[in-house]
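K.L.:
Before anything else, here's the structure in question.
Residue numbers (the working numbering): -7 to 107.
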């Protein structure tokens, strides 16, 4: 059972060692396969990075709620505000003043033991 397998390996090794057209073809084939196996992941990663940068350039962040939306939308799908309006700045300033007031508030908590 192991004789034919050993014989195949001996023929392959002999074909690689003996200078002939077959050995040159096998070496070129192995080199091409290694180049594809090593180069293909690098090319795919580069294409993915370029695609991500392109998609990221088309995204807009809503100034009111912070939702990220594609650039072709007119209104935010989360809060409904107009993405290109100057009114958002006035509403955002009112929200920020409310947040500042809440940050300055102190909350007293008394802990009680439960039996």
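We put the beta carbon where it would ideally sit given N, CA and C, even for glycine.
1) Please confirm whether residue 22 and residue 14 have their CB atoms less than 9 angstroms apart.
2) Using a Cβ-Cβ cut-off of 8 angstroms (strictly less than) and excluding sequence neighbours within five positions of residue 53, which residues of its own chain qualify?
3) Could you check what DSSP says for residue 52 in three-state terms: helix, strand or coil?
4) Quick one: grab the DSSP three-state call for residue 11.
5) Expressed to the nearest angstrom, what Euclidean distance is found between the alpha-carbon atoms of residue 76 and residue 47?
6) Pull up the CB-CB distance for residue 50 and residue 67, whole angstroms please, since I reckon it's below 8 angstroms.
P.N.:
From the atom records:
1) Position 30 of the chain shown holds residue 22. Position 22 of the chain shown holds residue 14. Contact flag unset, no.
2) Counting from 1 along the chain shown, the entry for residue 53 is found at position 61. Excluding residues within five positions, the ones whose Cβ falls inside 8 angstroms are 59, 60 and 61.
3) As a working mapping, residue 52 is identified with position 60 in the chain shown. Strand.
4) Residue mapping note: residue 11 aligns to position 19 of the chain shown, counting from 1. Looking at residue 11 - three-state DSSP - the assignment turns out to be coil, as it is neither helix nor strand.
5) Indexing the chain shown from 1 puts residue 76 at position 84. Indexing the chain shown from 1 puts residue 47 at position 55. Taking the straight line joining both Cα atoms gives about 19 angstroms.
6) Numbered from 1 along the chain shown, position 58 holds the residue referred to as residue 50. Numbered from 1 along the chain shown, position 75 holds the residue referred to as residue 67. About 17 angstroms; that fails the 8 angstroms criterion.
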